[in-house]
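Residue numbers (my numbering), protein chains in the order written: chain A, 1 to 138; chain B, 139 to 276.
2 protein chains.
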Amino acid sequence: MSEPFRLPPDIEAVSTPLDGLELCEARLMNDARFIWVVLVPRRAGAVEIDDLDLAERILLLEESVETGRRVRRIGEALGRPVEKLNIAALGNVTRALHVHVIGRRSDDAAWPRPVWGVGEASSWDATSLSLVQHRWKG
Amino acid sequence: MSEPFRLPPDIEAVSTPLDGLELCEARLMNDARFIWVVLVPRRAGAVEIDDLDLAERILLLEESVETGRRVRRIGEALGRPVEKLNIAALGNVTRALHVHVIGRRSDDAAWPRPVWGVGEASSWDATSLSLVQHRWKG
Numbered sequence: 001m002s003e004p005f006r007l008p009p010d011i012e013a014v015s016t017p018l019d020g021l022e023l024c025e026a027r028l029m030n031d032a033r034f035i036w037v038v039l040v041p042r043r044a045g046a047v048e049i050d051d052l053d054l055a056e057r058i059l060l061l062e063e064s065v066e067t068g069r070r071v072r073r074i075g076e077a078l079g080r081p082v083e084k085l086n087i088a089a090l091g092n093v094t095r096a097l098h099v100h101v102i103g104r105r106s107d108d109a110a111w112p113r114p115v116w117g118v119g120e121a122s123s124w125d126a127t128s129l130s131l132v133q134h135r136w137k138g
Numbered sequence: 139m140s141e142p143f144r145l146p147p148d149i150e151a152v153s154t155p156l157d158g159l160e161l162c163e164a165r166l167m168n169d170a171r172f173i174w175v176v177l178v179p180r181r182a183g184a185v186e187i188d189d190l191d192l193a194e195r196i197l198l199l200e201e202s203v204e205t206g207r208r209v210r211r212i213g214e215a216l217g218r219p220v221e222k223l224n225i226a227a228l229g230n231v232t233r234a235l236h237v238h239v240i241g242r243r244s245d246d247a248a249w250p251r252p253v254w255g256v257g258e259a260s261s262w263d264a265t266s267l268s269l270v271q272h273r274w275k276g
C-alpha cells in the first residue's frame, strides 16, 4: 500500500482533533450528547481489523482500551461518569478502518440502543470542549 | 472473582452453540437474516474489555479476528459472501462482556445501519444451520 494515509473526509467533517496516539488519529465526535471518540489507524487502505498485522492489531486494541480509560476520565470531569463503554468497528458507511469508543450512561439520548443514527447531534460548548481536550491528555 | 462462569441467560435464550474457542464460548444468533456470532469470554464477572488482563485481551482480539474469518467462510458457503464485518462490544442490555461479530452485506435487512433492534429475527432452517455449524469448524 503506497498511497499516503489520509483521515477519511466524512469523519473529519463531523469531529474535532484530539492529540494522536502511536497508531491512531483520535477524533472527538461533534456531538455533546455522548463522550464519543473515533480512532483511525494511520494505515492507508485498511478496511477490516485483519488488514492490520498482529502488532498493529494489538496496538489498536490497547489504544482502544486506553481511549476507554480517557473517556471515563473525561466523563468524571464533566460530571457525567461513564456507566458502560461501547467499543465498535462497523464501517458500513465509512469504509476506512476506524473504531468507535463511546461512554454510555443510562440517562443518555440513545440508551440502551447503540448511538448510531439516533436523533440530532448537539454541539459542544467551548468550555466543555476545552475540558475534554485537556482531560484527554492526562 | 470466585464465582463460576455461566453463559448469560439472555444470550443463551436467543442463540445456538458453536464449538467453543480457547477463551470464549461462541454462539450463533438465532436470526438467519445475518451471519451473527457472539463471543463470550469464560471469565465470570467481566464487563468491560479492560476487566481482562493483557493476555486475555489479546486472545479475545484474535478470537474475534478468527471468528470474522469463519463468518466470511460461512457467508461463502451460504452464497451470501460478506462485504463488511461489524465487530462490537456494547453491553448496554446484557452486562456480561461479549463481542458481536457480524457479516454484513449491502442487501441485508439493516444495511447500512447496525443490526441491533432492527425488525424481527427470522429462524435458521435446519439445512442452513447444519451448514453454518459445519463450516464454523473448518
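Even for Gly, the Cβ is constructed at its ideal location relative to N, Cα and C.
Interface flag for N30 of chain A against chain B is unset, since no Cβ pair is found closer than 9 Å. Taking the C-beta atoms as reference points, L223 of chain B is found no nearer than 9 Å to V237 of chain B. Secondary structure note for L131 of chain A: its alpha helix (DSSP H) is the uninterrupted segment A126 to K137. Within the DSSP secondary-structure output, T94 of chain A pairs in no beta bridge. Distance from the CA of E160 of chain B to the CA of E221 of chain B, rounded to the nearest whole angstrom, comes to 27 Å. Cβ neighbours of G119 of chain A within its own chain (closer than 6 Å, five residues either side excluded): A109. Listed in chain order, the alpha helix (DSSP H) runs fully inside the region 198-226 of chain B amount to none, counting runs of at least 4 residues. Nearest in C-alpha terms to D263 of chain B, of all of B:A151, B:L197 and B:N168, is B:N168. Straight across, the Cα-Cα distance linking G117 of chain A with D245 of chain B is about 19 Å. For R165 of chain B, the three-state secondary structure derived from DSSP is strand. Counting only Cβ-Cβ distances below 9 Å, R6 of chain A has no contacts in chain B at all, with the closest Cβ about 20 Å away.
As a beta-bridge residue in DSSP terms, S15 of chain A pairs with A:M29. In summary, E141 of chain B is exposed, with fewer than 16 beta-carbon neighbours lying within 10 Å of its beta-carbon over all protein chains present. Listed along the chain, the chain A residues whose CB falls inside 9 Å of the CB of V178 of chain B amount to none; the nearest CB is some 16 Å away.
Setting aside the 5 residues that flank it on each side, W274 of chain B is surrounded in the same chain by L156 and R208, each with a C-beta closer than 6 Å to its C-beta; the list follows chain order. In the structure shown, L52 of chain A adopts coil according to DSSP, grouped into three states. Any Cβ of chain B closer than 9 Å to the Cβ of D50 of chain A would place that residue at the interface, and such an atom is present.
Taking all protein chains in view, the Cβ of G217 of chain B is surrounded by fewer than 16 other Cβ atoms within 10 Å, so the residue is classified as exposed. For R104 of chain A, the uninterrupted beta strand (DSSP E) run begins and ends at V99 to R104, by DSSP. In summary, P147 of chain B is exposed, with fewer than 16 beta-carbon neighbours lying within 10 Å of its beta-carbon over all protein chains present. If you draw a 10 Å sphere on the C-beta of E163 of chain B, you find 16 or more other C-beta atoms in it, and that means buried. By the Cβ-count criterion, T265 of chain B is exposed, with fewer than 16 other Cβ atoms from all chains shown falling within 10 Å of its own Cβ.
In this structure, the straight-line span from the alpha carbon of L192 of chain B to that of S123 of chain A is close to 36 Å. Leaving aside the five residues that flank G75 of chain A on each side, the residues in its chain whose CB is nearer than 6 Å to its CB run, in chain order, I35, P81, V82 and G103. Near chain B, meaning a CB-to-CB distance below 8 Å, the residues of the region 100-115 of chain A are R104, W111, P112, R113 and P114. Beta-bridge pairing by DSSP links I173 of chain B to B:G241.
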